[in-house]
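Each remark here refers to the structure printed beneath this line.
Protein chains: 2
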Amino acid sequence: MSKAETATGVKLGRLGDYVGFRLRRVQNQLSRDFVNATANRGLRSGLFSSLALISANPGISQAELSREIAMDKSVTVSLLDDLERRGWAARKRSTQDRRRHALYITPEGERELEEIFAVVSTTENAVLHQLSPAELMLLSELLDRMYAVCVREE
Amino acid sequence: MSKAETATGVKLGRLGDYVGFRLRRVQNQLSRDFVNATANRGLRSGLFSSLALISANPGISQAELSREIAMDKSVTVSLLDDLERRGWAARKRSTQDRRRHALYITPEGERELEEIFAVVSTTENAVLHQLSPAELMLLSELLDRMYAVCVREE
DNA sequence: AAATATAGTTGACTTATTCAACCAATTTGC
DNA sequence: GCAAATTGGTTGAATAAGTCAACTATATTT
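Here the protein sequences come in this chain order: A and B. UniProt numbering puts the first residue of the first sequence at 1, with every later residue one more than the last. UniProt numbering puts the first residue of the second sequence at 1, with every later residue one more than the last.
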């Protein structure tokens with residue numbers, strides 16, 4: 001059994017037996033770090049990952065994007081409005097299927113993305129340099145295996 | 001390099017290089033599972049973990065609880081109002097320090113907590129049985145090491 | 001005893017999340 | 001080929017979450 005007490009002397013009790021709890025703790029902290037590190041840019045939640053996915057999948061549709069990051073499609077609309085306003089991404093009406101918007105990142109968006117990735121790397125490394133490269137790979141693999149089940153079950 | 005493409009054919013691109021991203025994915029899914037599985041009880045966010053921590057730390061104060069789950073103390077107030085209304089927890093004015101509320105779980109709360117833990121176990125196991133016991137322990141250990149750094153840095 | 005700090009509460013404000021309704025374009029089933 | 005159903009995108013309303021400053025009461029510090 002792993003340590004059931006925190007730095008402040010508060011006991012975790014049975015909560016400490018759940019991986020989900022540990023996962024959430026770490027993730028919350030990483031996410032707070034991210035928000036702090038990028039506060040000056042005023043990035044709303046989901047904006048960074050949307051931009052990254054558009055960059056990696058030029059021409060992706062809003063529906064696909066929504067599915068991938070599990071956002072309601074209405075959120076995607078306003079996120080895209082935001083990205084277009086900033087000049088970081090653009091919607092182009094698809095010629096094959098005229099319902100769809102094909103999404104593209106702009107050069108400015110690409111530059112911005114580059115900078116944000118650099119910031120994320122820095123904050124992540126602050127936590128991850130605790131782990132050896134082998135452990136890091138293992139961690140990723142375990143998380144992927146867990147995620148694969150989640151998705152399959154839907 | 002691990003797989004950079006998802007089930008739907010969407011590429012993760014550089015996003016796939018970040019452990020934080022994988023962590024978030026899995027955590028989001030687990031958290032959705034939890035919400036679905038407990039939807040009938042109408043548990044607001046933070047209520048379950050608060051109750052569990054009160055159970056593990058009888059007499060804990062609201063401030064300590066707030067710190068432990070990184071909630072604003074005003075949120076803790078309304079969470080406690082909720083828990084008292086349900087009859088799952090009670091505030092008692094501390095006699096040593098009359099500013100503090102010492103928090104206690106009630107027998108009903110304990111029963112409810114038991115049930116919720118059972119539900120959580122079920123949903124978590126659906127994902128975790130993918131991992132061997134050894135891998136599970138390793139995962140917990142890695143997460144704890146990551147979390148330890150987060151906390152130390154504050 | 002005055003100044004400072006901590007515990008809890010309240011209310012205002014901002015941001016996220018969820019949901020239903022709607023239009024336009026496409027696909028499916030006769 | 002046409003009606004019905006589905007999908008992609010948009011809008012707006014409703015609810016929930018998260019953040020913050022102000023305030024009371026009690027403790028602690030000096």
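Positions of the beta carbon are idealized from the N, C-alpha and C atoms, including for glycine.
Check                                                                                                                                                           : Outcome
Distance, Cα to Cα, T95(B) vs T106(B)?                                                                                                                          : 20 Å
Taking residue 164(B) as the query, report the chain A residues whose CB atoms sit under 8 Å from its CB, ordered along the chain.                              : With chain B covering only 1 through 154, there is no way to say anything about residue 164(B).
Determine, using beta carbons only, whether L83(B) and L47(B) come nearer to each other than 8 Å.                                                               : yes
Output yes or no for whether 8 Å exceeds the beta carbon distance between M146(A) and V26(B).                                                                   : yes
Looking only at its chain, what residues have a beta carbon closer than 6 Å to the beta carbon of M1(A), apart from the 5 residues adjacent to it on each side? : Low confidence applies here, because M1(A) scores a pLDDT of 42, under 50, leaving its location unreliable; read the following figure in that light. Counting only Cβ-Cβ distances below 6 Å, and skipping sequence neighbours, we find nothing.
How would you call V35(B), buried or exposed, if buried means at least 16 neighbouring beta carbons within 10 angstroms?                                        : exposed
Mapping DSSP to helix, strand and coil, what is Y147(B)?                                                                                                        : helix
Are the C-beta of I60(A) and some C-beta of chain B separated by less than 8 Å?                                                                                 : yes
Write down the C-beta distance between S49(B) and V19(A) rounded to the nearest angstrom, noting that I regard them as a contact closer than 8 Å.               : With a Cβ gap of about 14 Å, S49(B) and V19(A) do not count as contacting.
Specify, as a first and last residue, the run of the beta strand (DSSP E) that K11(A) falls within.                                                             : No beta strand (DSSP E) holds K11(A); DSSP gives it neither H nor E.
Shorter than 8 Å from the beta carbon of N28(A) to some beta carbon of chain B?                                                                                 : yes
Using beta-carbon positions only, say whether V10(B) and E108(A) come within less than 8 Å of one another.                                                      : no
Could you give the first and the last residue of the continuous alpha helix (DSSP H) run that contains R24(B)?                                                  : V19 to A37
Per DSSP, which residues does K73(B) bridge with? Please list them.                                                                                             : DSSP lists no partner for K73(B).
L23(B) and L128(A) look like a contact to me (Cβ under 8 Å); what is the Cβ gap, rounded to whole Å?                                                            : Incorrect: roughly 11 Å between the Cβ atoms, too far for contact.
Within 10 angstroms of its Cβ, does L80(B) collect 16 or more other Cβ (buried), or is it exposed?                                                              : buried
Quick check: the Cα distance between T8(B) and Q62(B), rounded to an integer number of angstroms?                                                               : 45 Å
Can you round the beta-carbon distance between H101(B) and R91(B) to whole angstroms, since I take them to be within the 8 Å contact cut?                       : 4 Å
Going by Cα to Cα distance, which pick from R44(A), R41(A), S66(A) and A70(A) is closest to R32(B)?                                                             : A70(A)
Three-state secondary structure (DSSP) at L131(A)?                                                                                                              : coil
Short check: CB of L51(A) to CB of W88(A), under 8 Å?                                                                                                           : yes
Between T38(A) and A118(A), what straight-line distance do the alpha-carbon atoms span, to the nearest angstrom?                                                : 11 Å
CA-CA distance, G13(B) and S132(B)?                                                                                                                             : 29 Å
When you check each C-beta in the segment 116–139 of chain A against every C-beta of chain B, which residues fall closer than 9 Å?                              : F117, V120, S121, T123, E124, A126, V127, L128, H129, Q130, L131, E135, L136, M137, L138 and L139
With DSSP collapsed to three states, give me the class of R91(A).                                                                                               : strand
Report buried or exposed for A56(B), applying the criterion of at least 16 other Cβ atoms within 10 angstroms of its Cβ.                                        : buried
If you count every other CB in all the chains shown that lies within 10 Å of the CB of G16(B), and 16 or more means buried, which is it?                        : buried
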